[in-house]
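Mapping of the sequence shown onto full-length UniProt numbering: position 146 corresponds to residue 146, and the numbering continues sequentially without gaps. For every residue, glycine included, the Cβ atom is placed at its ideal position computed from N, Cα and C. To keep things clear, I will list the structure first and then write my remarks on it.
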Amino acid sequence: MTQNAALLEDAYKHAMRRVVSPVAVVTFPTAGRPGGLTCTAICSATTQPPTLITCVNRKIPASASMIEAGTFTVNFLKDDQSDIARRFSQVENSEDPFSVGHWSVNAAGAPVLLGAASTFDCMVERIEEVGGHYVFFGAVAAVQSCDGTGLLYRDGFFRRLAIE
Ligand SMILES: Cc1cc2nc3c(=O)[nH]c(=O)nc-3n(C[C@H](O)[C@H](O)[C@H](O)COP(=O)(O)O)c2cc1C
Numbered sequence: 001m002t003q004n005a006a007l008l009e010d011a012y013k014h015a016m017r018r019v020v021s022p023v024a025v026v027t028f029p030t031a032g033r034p035g036g037l038t039c040t041a042i043c044s045a046t047t048q049p050p051t052l053i054t055c056v057n058r059k060i061p062a063s064a065s066m067i068e069a070g071t072f073t074v075n076f077l078k079d080d081q082s083d084i085a086r087r088f089s090q091v092e093n094s095e096d097p098f099s100v101g102h103w104s105v106n107a108a109g110a111p112v113l114l115g116a117a118s119t120f121d122c123m124v125e126r127i128e129e130v131g132g133h134y135v136f137f138g139a140v141a142a143v144q145s146c147d148g149t150g151l152l153y154r155d156g157f158f159r160r161l162a163i164e
């Protein structure tokens with residue numbers, strides 16, 4: 001049975017809150033200082049060639065900056081880096097969010113978090129407009145990863161992975 005649109009949207013949000021997601025900070029260069037935002041809407045699209053997808057709200061300035069930059073880096077956080085996730089989820093309000101954590105800059109000018117669980121440097125290959133979001137397809141140009149478990153998010157809280 002089809003639910004009406006408003007009910008379906010509420011049910012969708014409610015159900016999605018129950019889904020566990022890895023947490024990343026997506027960074028990009030700009031003409032001024034580089035930018036970044038906390039994202040959970042990220043997944044691998046295909047391995048041949050290595051390509052990932054990230055969905056960014058069209059209303060926030062980061063989306064226009066990413067289109068202009070043509071490049072971004074996905075920095076998946078470790079479970080001791082929730083302070084960085086918080087910083088990059090309120091970029092308008094906070095002081096320089098890059099003041100937390102140790103960052104380098106890749107050849108394309110995007111900040112790369114040292115000690116992240118894994119980082120993916122991407123070139124924007126394609127952008128689709130879907131509802132309120134842009135879906136960025138990133139062709140992966142370089143990858144780094146290190147030991148340590150990733151930070152998770154579910155139902156409004158940052159969480160850690162437990163072994164069953
Ligand atoms: C856990 C978490 C996950 C988020 N995931 C996304 C996402 O996938 N895409 C997105 O556009 N915004 C996402 N956001 C919101 C952005 O981080 C936020 O809008 C952005 O940093 C701009 O901050 P501002 O609203 O203070 O300008 C997420 C926020 C949090 C806390």
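Check: residue i C-beta below 6 Å from any heavy atom of ligand 1
i              : result
glutamine 90   : yes
tyrosine 153   : yes
leucine 37     : yes
asparagine 57  : yes
alanine 41     : yes
isoleucine 127 : no
isoleucine 60  : yes
With 16 other Cβ atoms within 10 Å as the buried cut-off, status of residue i
i            : result
glutamine 81 : buried
glycine 32   : exposed
valine 20    : exposed
cysteine 39  : buried
glycine 132  : exposed
tyrosine 153 : buried
valine 124   : buried
glycine 138  : buried
threonine 73 : buried
leucine 114  : exposed
For residue i, three-class secondary structure by DSSP
i             : result
proline 50    : strand
proline 111   : strand
arginine 159  : strand
proline 34    : coil
alanine 85    : helix
isoleucine 67 : helix
proline 29    : coil
alanine 62    : helix
threonine 73  : strand
alanine 41    : coil
Residue i, enclosing alpha helix (DSSP H) - first and last residue
i             : result
alanine 15    : 5 to 17
glutamate 128 : From DSSP, glutamate 128 is part of no alpha helix (DSSP H) but of the beta strand (DSSP E) over 118 to 130.
Check whether residue i and residue j have beta carbons under 7 Å apart
i                 : j              : result
lysine 78         : alanine 142    : no
serine 65         : glycine 109    : no
serine 44         : leucine 52     : yes
threonine 27      : proline 111    : yes
valine 100        : arginine 87    : yes
phenylalanine 120 : isoleucine 127 : no
proline 50        : valine 140     : yes
valine 25         : asparagine 57  : no
Extent of the continuous beta strand (DSSP E) run through residue i
i            : result
arginine 154 : 152 to 154
serine 145   : 133 to 145
serine 99    : Per DSSP, serine 99 belongs to no beta strand (DSSP E) and is neither H nor E.
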